[in-house]
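Novice:
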Amino acid sequence: MNHFTFFDSQELDKEEGALNRLLKKNTIEDDIISPSKTSLYNILNYSKALSIRQSKQLETIEHLLN
């Protein structure tokens, strides 16, 4: 039969906490999905080409300049 002291228990708790942090770090990084550079460039180019003007008769006019 093994006998654990308070200090043994404290050390095990620290090690368990460190392992849990490593596991959480890996799962959070794996869950984050970032868009590709092509997608980002497409969105930026669309926002540059989009023209929105106010009109008295039609309220707003949206027009792509490309």
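Numbering (this note's numbering), first residue to last: 519 to 584.
Beta carbons are placed, not taken as given, at the ideal position from N, Cα and C, and that holds for glycine.
No experiment lies behind these values; they were computed from the predicted model shown.
1) Taking 8 Å as the threshold (C-beta atoms), are Leu558 and Ser569 in contact?
2) Compute the distance between the beta-carbons of Ile561 and Arg571, then report whether it is under 8 Å.
3) Alpha carbon to alpha carbon, what distance is there between Pro553 and Asn520?
4) How big is the Cα-Cα spacing for Glu577 and Ala536?
Specialist: Concretely, from the data shown:
1) No, the Cβ-Cβ distance between Ser569 and Leu558 is not below 8 Å.
2) When the beta-carbon positions are compared, Ile561 and Arg571 stay at least 8 Å from each other.
3) The alpha-carbon of Asn520 is positioned some 52 Å away from that of Pro553.
4) Here the alpha carbons of Ala536 and Glu577 stand approximately 59 Å from one another.
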